[in-house]
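Colleague: Below you will find the structure I want to go over with you.
2 protein chains.
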Amino acid sequence: MPTEQQTPAIELPVLAPAAVERADAARNRQRILCAAQRLFAERGVSCTSMEDIAAAAGVGKGTLFRRFGSRSALALAVLSERESAFQEALIRGEPPLGPGAPARERLIAFGHGRLDFIADHAEVLAAAEIGPERFSSPPYEVSRLHVTLLLREADPGCDAEYLAETLLVALGADFYVYLGLARELPMERLKEGWTELVSRVVPG
Amino acid sequence: MPTEQQTPAIELPVLAPAAVERADAARNRQRILCAAQRLFAERGVSCTSMEDIAAAAGVGKGTLFRRFGSRSALALAVLSERESAFQEALIRGEPPLGPGAPARERLIAFGHGRLDFIADHAEVLAAAEIGPERFSSPPYEVSRLHVTLLLREADPGCDAEYLAETLLVALGADFYVYLGLARELPMERLKEGWTELVSRVVPG
DNA sequence: TATCGAACCGGACCGTAGTCCGATTATGTG
DNA sequence: CACATAATCGGACTACGGTCCGGTTCGATA
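From first to last, the protein sequence lines stand for chains A and B.
In this text, residue positions in the first sequence follow the working numbering: the first is 27, and each later residue adds one.
In this text, residue positions in the second sequence follow the working numbering: the first is 27, and each later residue adds one.
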């Protein structure tokens with residue numbers, strides 16, 4: 027899995043193991059990730075147990091957990107590539123998502139892009155955001171830093187850390203699922219709501 | 027358990043069982059709630075299993091689950107009384123938490139009161155907010171309605187439903203624990219942040 | 001008080017996330 | 001190529017949330 031990225035986008039550790047990895051271990055990790063992705067797609071995340079994944083990958087349960095640590099971490103790893111692509115678009119992509127646009131425009135575009143991302147991977151993402159890793163995963167840290175910097179740029183006097191965290195919980199996968207399914211708010215309304223929210227929070 | 031409240035605060039179902047309850051069942055529910063509250067306080071929520079509670083209450087596991095359905099529902103029930111008291115203060119208490127103050131002031135006071143409430147019961151509340159019940163529990167519905175109405179009052183043109191949900195996730199227990207422990211933001215700052223957030227979202 | 005049906009009880013049982021450790025295998029070195 | 005060692009493997013094991021169902025108890029009725 028080419029998760030590697032020379033010149034890491036931001037000064038943050040990425041999932042990929044830093045140390046050298048034995049050949050069989052690397053091969054097993056590959057097989058596990060492929061099996062997980064396939065089973066998640068075939069029968070849904072909630073109907074796929076860790077044992078299922080281990081069996082489909084042809085490895086033992088111990089191997090699975092030693093490599094990924096937990097179910098949520100595995101889900102995160104499955105999304106790693108796409109998460110990196112999104113991150114790339116944030117940092118080196120076209121405005122308004124990428125650099126070049128005013129902070130408020132970028133914040134709005136970030137939310138819209140994130141909502142699209144969530145919509146595409148709601149199940150896996152929801153599984154990845156379970157437990158304490160939710161707030162400490164690399165993708166979350168990247169988002170947090172991104173939003174914090176944009177807020178600070180738009181309004182140096184505000185409490186950017188607090189406001190950033192607050193805005194980010196409104197982009198959580200479980201929250202999206204709840205709003206979409208239980209409250210039946212269509213995507214369009216979520217995007218408009220986000221725009222309204224950011225417009226109010228960020229002076230402009 | 028005197029969860030009863032004549033003239034229910036808002037048109038919403040409360041936890042208390044509507045139908046008559048057999049005497050032994052009522053006694054067992056009492057014992058379960060007391061045991062849960064005691065064990066939660068003594069050794070912490072995360073170190074207390076459902077079997078522990080059942081054993082301490084002198085009932086079987088089946089009884090425990092039939093009465094309360096799930097671990098999170100039990101945690102919710104443990105907090106039921108205090109939750110009702112808070113709800114009471116919202117609806118019939120003194121301003122600015124209760125009626126009489128401008129919507130924006132009431133929203134700010136609501137957040138501050140909620141933060142105090144969370145700080146006092148963070149562990150139990152975090153356990154109660156796990157799973158899909160998080161967004162469909164009576165206390166959440168009450169909060170949602172309350173915030174929605176205040177938002178609509180302050181600004182009839184806004185998307186009050188969306189904004190209400192968004193503001194409420196910023197008052198979640200796990201979010202509070204994360205901000206307080208991992209990010210080390212003191213309560214004072216959380217309250218100031220909430221004030222800032224509401225001041226920006228609600229025109230004044 | 002005797003009877004009866006409904007509600008309740010409890011503990012055996014299931015599935016799953018996560019742990020552990022003896023057996024195995026890959027890789028660097030002589 | 002043979003060896004030593006350190007990392008890896010895998011499946012048995014634990015703990016826990018949640019389910020099920022045969023036996024029991026309550027309480028309304030006569």
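Glycine included, every Cβ here is placed at the ideal spot set by N, Cα and C.
Keep in mind that this is a model prediction, so the values were computed, not measured.
When burial is assigned at 16 or more other CB atoms within 10 Å of the CB, is residue 75 (chain B) buried or exposed?
Modeller: Sequence index remark: in the second sequence, residue 75 (chain B) carries index 49 (1-based). Exposed is the call here.
Colleague: Quick one: what does DSSP say residue 182 (chain A) is sitting in, helix, strand or coil?
Modeller: As a position in the first sequence, residue 182 (chain A) is number 156, starting the count at 1. Note: residue 182 (chain A) maps to coil in three-state DSSP.
Colleague: Do three or more CB pairs link the segment 151 to 158 of chain B to the segment 97 to 110 of chain B at distances below 8 Å?
Modeller: At 8 Å Cβ cutoff, the stretches touch.
Colleague: What are the residues in the segment 169 to 193 of chain A lying within 9 Å of chain B by C-beta distance?
Modeller: Residues 184, 185, 187, 188, 189, 191, 192 and 193.
Colleague: Quick check on the DSSP output: the alpha helix (DSSP H) that includes residue 138 (chain A) runs from which residue to which?
Modeller: Here residue 138 (chain A) refers to the residue found at position 112 of the first sequence. 129 to 146 is the extent of the alpha helix (DSSP H) around residue 138 (chain A).
Colleague: What does residue 99 (chain B) touch in chain A if you count any residue whose Cβ is under 7 Å from its own?
Modeller: Here residue 99 (chain B) refers to the residue found at position 73 when the second sequence is read from its first residue. The premise fails here: residue 99 (chain B) is roughly 17 Å from chain A at the closest Cβ pair, so nothing lies under 7 Å.
Colleague: Looking at the structure shown, is residue 229 (chain A) part of a helix, part of a strand, or coil, going by DSSP?
Modeller: Against the first sequence, residue 229 (chain A) aligns to sequence position 203. Three-state DSSP puts residue 229 (chain A) in coil, outside helix and strand.
Colleague: Any C-beta of chain B sitting closer than 8 Å to the C-beta of residue 224 (chain A)?
Modeller: Here residue 224 (chain A) is taken as the residue at index 198 of the first sequence, counted from 1. So, not an interface residue.
Colleague: Residue 55 (chain B): buried (16+ other C-beta within 10 angstroms of its C-beta) or exposed?
Modeller: By one-based count along the second sequence, residue 55 (chain B) stands at place 29. That one is buried.
Colleague: Counting only runs of 4+ residues fully inside the segment 53 to 86 of chain B, write out the alpha helix (DSSP H) ranges in chain order.
Modeller: You should have 76 to 83.
Colleague: Short check: CB of residue 65 (chain B) to CB of residue 132 (chain B), under 8 Å?
Modeller: For the purposes of this step, residue 65 (chain B) is taken as the residue at position 39 of the second sequence. For the purposes of this step, residue 132 (chain B) is taken as the residue at position 106 of the second sequence. Cβ atoms of residue 65 (chain B) and residue 132 (chain B): not closer than 8 Å.
Colleague: Consult DSSP for residue 164 (chain A) and reduce its assignment to one of helix, strand or coil.
Modeller: Working through the first sequence from its first residue, we reach residue 164 (chain A) at position 138. Three-state DSSP puts residue 164 (chain A) in a helix.
Colleague: Do the segment 197 to 217 of chain A and the segment 208 to 228 of chain B touch if we need at least three Cβ pairs shorter than 8 Å?
Modeller: At 8 Å Cβ cutoff, the stretches do not touch.
Colleague: How many angstroms separate the CA atom of residue 128 (chain A) from the CA atom of residue 194 (chain A)?
Modeller: In the first sequence, residue 128 (chain A) corresponds to position 102, counting from 1. In the first sequence, residue 194 (chain A) corresponds to position 168, counting from 1. If you take the alpha carbons of residue 128 (chain A) and residue 194 (chain A), they lie about 19 Å apart.
Colleague: State the Cα-Cα distance for the pair residue 204 (chain A) and residue 147 (chain A), rounded to the nearest angstrom.
Modeller: For the purposes of this step, residue 204 (chain A) is taken as residue 178 along the first sequence, with counting starting at 1. For the purposes of this step, residue 147 (chain A) is taken as residue 121 along the first sequence, with counting starting at 1. The straight-line gap from Cα to Cα measures roughly 14 Å.
Colleague: In terms of residue numbering, what span does the alpha helix (DSSP H) encompassing residue 96 (chain B) cover?
Modeller: In the second sequence, counting from the first residue as 1, residue 96 (chain B) sits at position 70. It is not in any alpha helix (DSSP H) - residue 96 (chain B) carries neither H nor E in the DSSP assignment.
Colleague: Report the three-state DSSP secondary structure of residue 158 (chain A) (helix, strand or coil).
Modeller: Here residue 158 (chain A) refers to the residue found at position 132 when the first sequence is read from its first residue. DSSP places residue 158 (chain A) in helix when its eight states are reduced to three.
Colleague: Give me the Cβ distance between residue 102 (chain A) and residue 163 (chain A), rounded to the nearest whole Å; I'm assuming they're in contact under 8 Å.
Modeller: Position 76 of the first sequence holds residue 102 (chain A). Position 137 of the first sequence holds residue 163 (chain A). Right, the Cβ-Cβ distance comes to about 6 Å (below 8 Å), so this counts as a contact.
Colleague: Using a cut-off of 7 Å between C-beta atoms, extract the partners of residue 204 (chain A) located in chain B.
Modeller: Here residue 204 (chain A) refers to the residue found at position 178 of the first sequence. Residues of chain B passing the Cβ test: 161.
Colleague: Is the beta carbon of residue 223 (chain A) sitting closer than 8 Å to the one on residue 123 (chain B)?
Modeller: Within the first sequence, the letter at position 197 stands for residue 223 (chain A). Within the second sequence, the letter at position 97 stands for residue 123 (chain B). Contact: no.
Colleague: Less than 8 Å between CB atoms is the rule here; does residue 195 (chain A) satisfy it with respect to chain B?
Modeller: The residue you call residue 195 (chain A) lines up with position 169 of the first sequence. Yes - at least one Cβ of chain B is within 8 Å of the one on residue 195 (chain A).
Colleague: Which residue's Cα is closest to the Cα of residue 134 (chain B): B:50, B:46, B:91 and B:216?
Modeller: Numbered from 1 along the second sequence, position 108 holds the residue referred to as residue 134 (chain B). Nearest of B:50, B:46, B:91 and B:216 to residue 134 (chain B), Cα basis: B:216.
Colleague: Using the beta-carbon of each residue, which ones in chain B are nearer than 9 Å to residue 208 (chain A)?
Modeller: Walking along the first sequence from the start, residue 208 (chain A) turns up at place 182. Simply 158, 161 and 162.
Colleague: Roughly how many angstroms lie between the CA atoms of residue 58 (chain B) and residue 90 (chain B), to the nearest whole one?
Modeller: To locate residue 58 (chain B), count along the second sequence from 1; it is residue 32. To locate residue 90 (chain B), count along the second sequence from 1; it is residue 64. Their Cα atoms are separated by approximately 7 Å.
Colleague: Based on Cα-Cα distance, which residue from A:210, A:69, A:60 and A:171 lies nearest to residue 149 (chain A)?
Modeller: Position 123 of the first sequence, counted from the first residue, corresponds to residue 149 (chain A). Among A:210, A:69, A:60 and A:171, the Cα nearest to that of residue 149 (chain A) belongs to A:69.
Colleague: Counting only the same chain and skipping the five closest in sequence on each side, list residues whose C-beta sits under 6 Å from that of residue 219 (chain B).
Modeller: Along the second sequence, read from residue 1 onward, the residue named residue 219 (chain B) stands at position 193. Contacts found: none.
Colleague: Could you compute how far the alpha carbon of residue 61 (chain B) sits from the alpha carbon of residue 67 (chain B)?
Modeller: As a position in the second sequence, residue 61 (chain B) is number 35, starting the count at 1. As a position in the second sequence, residue 67 (chain B) is number 41, starting the count at 1. Rounded to the nearest angstrom, the two C-alpha atoms are 10 Å apart.
Colleague: Per DSSP, what are the beta-bridge partners of residue 125 (chain B) in this structure?
Modeller: As a position in the second sequence, residue 125 (chain B) is number 99, starting the count at 1. Paired residue(s): B:127.
Colleague: Please list, in chain order, the chain A residues whose beta carbon lies closer than 8 Å to that of residue 219 (chain B).
Modeller: Start at 1 with the first residue of the second sequence, and residue 219 (chain B) comes out as number 193. The answer, in chain order, is 185, 188, 189 and 192.
Colleague: Which same chain residues end up closer than 6 Å to residue 109 (chain B) when comparing Cβ atoms and leaving out the 5 residues on each side of it in sequence?
Modeller: Taking the first residue of the second sequence as 1, we reach residue 109 (chain B) at position 83. Cβ neighbours of residue 109 (chain B) beyond the five flanking positions: 165.
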